[in-house]
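Counting with full-length UniProt numbering, you get residues 1 to 127 for the letters of the sequence shown.
Backbone N, C-alpha and C fix where the C-beta goes; we use that ideal spot for every residue, glycine too.
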Amino acid sequence: MEFIQDIKDSVETSVNMKLFSSLKVSSYHHIFNSNLVQFPLSKCRELHNFNPARLSNEPYPKNDRPRGQKDLDSVVHHRRLIRKQGHTEPIWILKKGDHILLDGAHRIVATYLENKRTILAYIITMD
(Lines of atoms letter the chains of each structure in order from A; the text may use other names.)
(Lines give C-alpha, C1' and ligand atoms only; values in the text may rest on other atoms or scores of the structure.)
Protein backbone atom coordinates (compact mmCIF):
# COMPACT_ATOMS: atom_id res chain seq x y z
CA MET A 1 0.00 0.00 0.00
CA GLU A 2 2.99 2.33 0.19
CA PHE A 3 2.77 2.78 -3.59
CA ILE A 4 -0.67 4.38 -3.30
CA GLN A 5 0.55 6.81 -0.63
CA ASP A 6 3.70 7.58 -2.64
CA ILE A 7 1.79 8.44 -5.81
CA LYS A 8 -0.71 10.51 -3.80
CA ASP A 9 2.15 12.44 -2.16
CA SER A 10 3.83 12.96 -5.54
CA VAL A 11 0.62 14.22 -7.16
CA GLU A 12 0.00 16.64 -4.28
CA THR A 13 3.59 17.91 -4.33
CA SER A 14 3.47 18.53 -8.07
CA VAL A 15 0.29 20.61 -7.70
CA ASN A 16 1.62 22.49 -4.64
CA MET A 17 4.75 23.33 -6.63
CA LYS A 18 2.47 24.58 -9.44
CA LEU A 19 3.95 22.09 -11.90
CA PHE A 20 0.42 20.93 -12.78
CA SER A 21 -2.80 22.92 -12.68
CA SER A 22 -4.87 20.36 -10.76
CA LEU A 23 -4.82 17.00 -9.02
CA LYS A 24 -6.69 15.54 -12.00
CA VAL A 25 -4.11 16.74 -14.54
CA SER A 26 -1.23 15.63 -12.34
CA SER A 27 -2.79 12.20 -11.77
CA TYR A 28 -3.22 11.76 -15.52
CA HIS A 29 0.47 12.47 -16.15
CA HIS A 30 1.57 10.24 -13.27
CA ILE A 31 -0.42 7.35 -14.75
CA PHE A 32 0.06 7.80 -18.50
CA ASN A 33 3.34 9.72 -18.91
CA SER A 34 5.65 7.92 -16.49
CA ASN A 35 8.22 5.20 -16.97
CA LEU A 36 10.01 3.10 -14.36
CA VAL A 37 13.80 3.36 -14.70
CA GLN A 38 17.00 2.74 -12.76
CA PHE A 39 18.01 6.33 -11.98
CA PRO A 40 21.72 6.91 -11.24
CA LEU A 41 22.15 7.97 -7.63
CA SER A 42 24.92 10.33 -8.75
CA LYS A 43 22.29 12.38 -10.63
CA CYS A 44 20.30 12.89 -7.42
CA ARG A 45 22.71 15.68 -6.45
CA GLU A 46 21.33 17.66 -9.40
CA LEU A 47 17.64 17.15 -8.61
CA HIS A 48 15.60 20.26 -7.95
CA ASN A 49 13.60 20.01 -4.71
CA PHE A 50 16.29 17.82 -3.09
CA ASN A 51 19.05 18.95 -0.75
CA PRO A 52 22.28 17.27 -1.95
CA ALA A 53 23.78 17.78 1.52
CA ARG A 54 21.53 14.86 2.55
CA LEU A 55 23.89 12.55 0.65
CA SER A 56 26.30 12.18 3.56
CA ASN A 57 26.93 9.89 6.49
CA GLU A 58 24.89 12.26 8.68
CA PRO A 59 22.02 13.30 6.40
CA TYR A 60 19.75 14.60 9.16
CA PRO A 61 21.78 16.33 11.90
CA LYS A 62 19.81 17.36 15.00
CA ASN A 63 19.54 20.98 13.87
CA ASP A 64 18.21 20.06 10.40
CA ARG A 65 15.31 17.62 10.68
CA PRO A 66 12.25 19.19 9.06
CA ARG A 67 10.04 16.31 10.23
CA GLY A 68 11.90 15.59 13.46
CA GLN A 69 12.31 11.94 14.41
CA LYS A 70 10.15 10.93 11.42
CA ASP A 71 13.05 11.80 9.10
CA LEU A 72 15.31 9.29 10.86
CA ASP A 73 12.58 6.65 11.20
CA SER A 74 11.76 6.84 7.50
CA VAL A 75 15.39 6.42 6.45
CA VAL A 76 15.75 3.41 8.79
CA HIS A 77 12.56 1.87 7.35
CA HIS A 78 13.78 2.23 3.76
CA ARG A 79 17.25 0.90 4.62
CA ARG A 80 15.60 -2.23 6.03
CA LEU A 81 13.61 -2.67 2.83
CA ILE A 82 16.76 -2.30 0.72
CA ARG A 83 18.58 -4.91 2.81
CA LYS A 84 15.62 -7.29 2.58
CA GLN A 85 14.57 -6.77 -1.07
CA GLY A 86 17.57 -5.11 -2.67
CA HIS A 87 15.58 -1.91 -3.28
CA THR A 88 12.86 0.30 -1.84
CA GLU A 89 9.77 1.78 -3.46
CA PRO A 90 10.48 3.95 -6.50
CA ILE A 91 10.87 7.69 -6.16
CA TRP A 92 8.92 10.11 -8.39
CA ILE A 93 10.68 12.63 -10.64
CA LEU A 94 9.27 15.12 -13.13
CA LYS A 95 11.44 15.78 -16.17
CA LYS A 96 10.46 19.20 -17.42
CA GLY A 97 13.76 20.47 -18.76
CA ASP A 98 15.46 19.72 -15.45
CA HIS A 99 14.70 16.81 -13.13
CA ILE A 100 12.47 17.74 -10.18
CA LEU A 101 12.00 15.41 -7.22
CA LEU A 102 8.33 15.02 -6.36
CA ASP A 103 8.54 12.25 -3.76
CA GLY A 104 11.29 10.11 -2.25
CA ALA A 105 13.96 12.13 -0.42
CA HIS A 106 14.22 9.60 2.42
CA ARG A 107 14.45 6.74 -0.10
CA ILE A 108 17.33 8.53 -1.85
CA VAL A 109 19.15 8.95 1.46
CA ALA A 110 18.58 5.30 2.43
CA THR A 111 19.82 4.12 -0.97
CA TYR A 112 22.92 6.29 -0.62
CA LEU A 113 23.64 4.96 2.88
CA GLU A 114 23.31 1.40 1.56
CA ASN A 115 25.99 2.17 -1.08
CA LYS A 116 23.73 1.54 -4.07
CA ARG A 117 24.51 3.14 -7.43
CA THR A 118 20.95 3.40 -8.73
CA ILE A 119 17.46 3.89 -7.38
CA LEU A 120 14.15 2.89 -8.92
CA ALA A 121 12.35 5.97 -10.18
CA TYR A 122 9.20 6.82 -12.05
CA ILE A 123 10.09 9.57 -14.50
CA ILE A 124 7.18 11.72 -15.67
CA THR A 125 8.22 13.26 -18.96
CA MET A 126 6.92 16.72 -19.86
CA ASP A 127 9.55 17.74 -22.48
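- V76 and P40 have their C-alpha atoms some 21 Å from each other.
- Setting aside the 5 residues that flank it on each side, G104 is surrounded in the same chain by I91, W92, each with a C-beta closer than 7 Å to its C-beta; the list follows chain order.
- Cα atoms of A110 and I119: separation of roughly 10 Å, rounded to the nearest angstrom.
- If you ignore the 5 residues before and after K43, its C-beta comes within less than 8 Å of the C-beta of H99, all in its own chain and listed in chain order.
- In the assembly as shown, L102 is a buried residue. Its beta-carbon has 16 or more other beta-carbons within 10 Å.
- According to DSSP, N35 shares a beta bridge with I123.
- DSSP places L102 in the uninterrupted beta strand (DSSP E) bounded by 98-103.
- H106 is classed as buried because its beta carbon has at least 16 other beta carbons within 10 Å across all chains shown.
- Here H48 is bridged, per DSSP, to I100.
- Residue state for L19 is assigned as coil, using DSSP reduced to three classes.
- Residue environment for I4: exposed (fewer than 16 other C-beta atoms within 10 angstroms of its C-beta).
- In this structure, E2 places its C-beta atom within 8 Å of the C-beta atom of E89.
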